[in-house]
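K.L.:
Numbering (the UniProt record's numbering), first residue to last: 1 to 298.
1. In its own chain, which residues sit with a C-beta less than 6 Å from the C-beta of residue 42, not counting the 5 before and 5 after it?
2. Is the beta carbon of residue 155 less than 9 Å from the beta carbon of residue 181?
3. Would you call the stretch 61-78 in contact with the stretch 21-31, where contact means no fewer than 3 C-beta pairs closer than 8 Å?
4. By DSSP's criteria, residue 40 is part of a beta bridge. Which residues make up the other side?
5. For the beta strand (DSSP E) that residue 204 lies in, which residues bound it at each end?
6. Could you spell out where the alpha helix (DSSP H) holding residue 133 opens and where it closes?
7. Just confirm the distance between the C-beta atoms of residue 216 and residue 188, as a whole number of angstroms; I'd bet it's less than 8 Å.
8. Going by C-alpha distance, which of 116, 56 and 198 is nearest residue 175?
9. In chain order, what residues of the same chain have a beta carbon less than 7 Å from the beta carbon of residue 153, not counting five sequence neighbours either side?
10. Taking just the CA atoms, how far does residue 2 sit from residue 223?
11. Quick one, are the C-beta atoms of residue 173 and residue 132 less than 9 Å apart?
12. Measure the Cβ-Cβ separation of residue 115 and residue 146 and say whether it is below 9 Å.
13. Look up residue 19 in the DSSP assignment and say whether it is helix, strand or coil.
14. For residue 100, list the residues DSSP reports as bridge partners.
15. Take residue 135 and list the residues in its own chain whose beta-carbon comes closer than 7 Å to its own, dropping the five residues that flank it on each side.
If you want it as structure tokens, here you go:
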């Protein structure tokens, strides 16, 4: 069963604190759009701007309002290891499927240190754990052989989000994970079809914030083996990929485009990413409208 999980944007108020009422509108938009799950406070959710308590409170709010309508995953990675453990253990009782934890950033890690980090974390948790591999943000990438070693040592490591330019990396991880109960998701929207053809389970893709219906259509077609429809939807997703490169903080742009789609939210982003040029936004809006126009004709 292939899935699309949305690494959801976070709506902030003027003080850069989560606006709970506005975030309800985002949840409803995504659920109605047909996504399979939501990753709360991932990279797209600007998690670095929140304290541990703010994260914990926000996780609780999300679980209560979503009320089991979709699967929930929590981005619990912190610079402080003990806080990562505490946040991760807290979310199980809230109803989350699992925490999704990015590796330590700022300091470079070799494969031995990456293994030690996730091995120690897995053994400290009360439930399942997903690895979040994002070398562009951490400066290191987990090797397929390291994943295999971790799976041999920890039955509660059950999956991975792999945000890498080369999808063959995910393919190699899937090969090393054979025989284990393990799900591998692409972190880049345009790698979905490669991912599922390589033994993966789908995508945790940010574009599903903006076009959840196109994404859910793609996943449904793929699960139904409707290859023509899958290719049509994948082509539309590929057309939207330039949105990621239009601004240094694409979360701000995504919020503005969600407003354009009728989601009544603030577009406030964390400091210092709260500005975007009008020409950039207009270009993005034109691209989105063009793709939505194509979608409605299919």
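Cβ atoms here follow ideal geometry from the backbone N, Cα and C, with glycine treated the same way.
P.N.:
Taking the definition as stated:
1. Translated into positions along the chain shown, residue 42 becomes position 42. Here the set comprises 7 and 75.
2. The residue given as residue 155 occupies position 155 in the chain shown. The residue given as residue 181 occupies position 181 in the chain shown. For the 9 Å CB-CB criterion, residue 155 and residue 181 form a contact.
3. Touching, yes, given that three or more Cβ pairs across the two stretches are closer than 8 Å.
4. Position 40 of the chain shown, counted from the start, is the residue given in the question as residue 40. For residue 40, which the question treats as bridged, DSSP gives the partners 74.
5. Position 204 of the chain shown, counted from the start, is the residue given in the question as residue 204. Segment 202-204, the beta strand (DSSP E) holding residue 204.
6. Counting from 1 along the chain shown, the entry for residue 133 is found at position 133. Element bounds for residue 133: not the alpha helix (DSSP H) but the beta strand (DSSP E), 129-133.
7. Sequence index remark: in the chain shown, residue 216 carries index 216 (1-based). Sequence index remark: in the chain shown, residue 188 carries index 188 (1-based). Between residue 216 and residue 188 the beta-carbon gap is near 18 Å, outside 8 Å, which marks them as no contact.
8. Against the chain shown, residue 175 aligns to sequence position 175. Looking at the Cα atoms, 198 is the closest of the given residues.
9. Within the chain shown, numbered from 1, the residue matching residue 153 stands at position 153. Excluding residues within five positions, the ones whose Cβ falls inside 7 Å are 119.
10. Working through the chain shown from its first residue, we reach residue 223 at position 223. Working through the chain shown from its first residue, we reach residue 2 at position 2. In this model, residue 223 and residue 2 are separated by some 6 Å (Cα to Cα).
11. For the purposes of this step, residue 173 is taken as the residue at position 173 of the chain shown. For the purposes of this step, residue 132 is taken as the residue at position 132 of the chain shown. No. Outside cutoff.
12. If you number the chain shown from 1, residue 115 lands on position 115. If you number the chain shown from 1, residue 146 lands on position 146. Going by C-beta atoms, residue 115 is nearer than 9 Å to residue 146.
13. The count along the chain shown starts at 1 and reaches residue 19 at position 19. Residue 19: coil per DSSP, three-state reduction.
14. Within the chain shown, the letter at position 100 stands for residue 100. The partner list for residue 100 (beta bridge, DSSP) reads 130.
15. Position 135 of the chain shown, counted from the first residue, corresponds to residue 135. Around residue 135: 141 and 164.
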